[in-house]
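Note sheet for the following structure.
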Amino acid sequence: MYAAVSGAVAPITSLPNVVGYGWGVKIKENQITSSDCLTVFVSRKHENVIQKDRIPPNIQVGESRWSTDVVELGRLRLEASALHVRCGNQGGIAGIYASKDGEHYVVSCSHVITGDDSVLSQDDDVYYYDLDWQRLGPAISAYEDRGAGTASEWGAFDAGLARIDDDKLRHSVMSLPLGNVFDHQQDVEFLKENILSKPVYAIRGNGNRIEAQVFAILTNDTARDVERYDLLIRHPDGDGLTRPGDSGIVWRLSDGMPLGIHFGGCKQDSLGVSTIAAAFFVNRVALRFTANLIDPVTR
């Protein structure tokens, strides 16, 4: 299936403004539908596109014919702001924890933990807000790892860990059970059946709940010989979802199971709120850092 799709979309990915593709569901009249499609992401839609640069309405994939849906993403905005975890004046949320080699860590986006310059330095001071701002220990970043997508802005795996050295916070995290998270290492049909169009929610740093749906799983097999996925999430009606300060929040399935960690947004509305949210699978953190994940939310 992967090879068939890769070959089928190769002519499309070379077209102007195309930044990626993935398994998706059609969006019609600004509403998410239940119709499967191959979603093609472009940086910008243009009118009067010449025939040779147009994305066809459907493509042949093996023995099947897939309809296409073109979605404009614009530019990806990393959505950090000084909140629960910060380095310098850039921060976000730690929505889940991890344990590794007897140590405990907060998990967030790499761009949150590394600060403004997105470069991990021994001089970086990372802080976590519980009852007051507590200094965390050394941080680990996976930002240079390739993630999903065909454009450089989608190419990094934006995950990082910061070690918990504060005794009070460490004991609090140690009292939590290990968390079960969604295992993304499944075949395409399983992912489509269990993720696409399914309701998801996330809790902001201020406690507000935001609800949405997964409308596409971004795929990429051009960077390496291993398939990768990122989630693209949208409100069913296309309303604004996320804003600066939301980086690191955990998107969960309706039963509360952690699905993805939010790292950025696209297509901001007139109020500057992103109408498309981008996330990476939570389980990728466990695999990348060979760590156990700890979910603070009881299910």
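So for the sequence shown, the numbering used here puts the first residue at 216; every next one is plus one.
Glycine included, each C-beta is placed from N, C-alpha and C at the ideal position.
query                                                                                                                         : result
Where the alpha helix (DSSP H) through I410 begins and ends                                                                   : Element bounds for I410: n/a, residue is neither H nor E.
Integer-rounded CB distance, given that D381 should sit under 8 angstroms from Q208                                           : Only positions 216 to 514 of the chain appear in the structure, and residue 208 is not among them; the question remains open.
Option nearest N232 by Cα separation, candidates N245, S249, L468, R290                                                       : R290
Coil, strand or helix - S325 by DSSP                                                                                          : helix
Local Cβ density within 10 Å of K260, reported as buried at 16 or more and exposed below that                                 : exposed
Identified DSSP bridge partners for L293                                                                                      : G479
Residues of its chain near P272, where Cβ-Cβ distance is below 7 angstroms and the 5 sequence neighbours each way are ignored : S282, T283
Continuous alpha helix (DSSP H) stretch holding K383: start and end                                                           : 382-389
Proximity below 8 angstroms, CB of V240 to CB of C252                                                                         : yes
Nearest-angstrom Cβ-Cβ length linking A374 and A357, presumed shorter than 8 angstroms                                        : 5 angstroms
Simplified DSSP assignment, three categories, for L502                                                                        : helix
Candidates E287, L502, G460: closest to A431 by CA position                                                                   : E287
Proximity winner among S229, Q305, V341, relative to Y522 (alpha-carbon distances)                                            : For the chain, the structure presents residues 216 to 514; residue 522 sits outside this window and is missing.
P459 beta carbon less than 8 angstroms from that of A295                                                                      : yes
Reference F496; option with closest CA among L446, C302, E244                                                                 : L446
Stretch-stretch touch, CB-based, cutoff 8 angstroms, three pairs: the region 386-397 with the region 503-510                  : yes
Distance between D316 and D454 (C-alpha atoms, nearest Å)                                                                     : 42 angstroms
I242, DSSP secondary structure in three states                                                                                : strand
Backbone CA spacing between E262 and P226 [nearest angstrom]                                                                  : 20 angstroms
Close-in-space but distant-in-sequence residues of the same chain around H299 (CB under 6 angstroms, 5 per side omitted)      : I308, A309, Y344, G420
The beta strand (DSSP E) enclosing P414, as first and last residue numbers                                                    : 414-418
Nonlocal neighbours in the same chain, by C-beta distance under 7 angstroms from S249, ignoring five residues either side     : V240, S412
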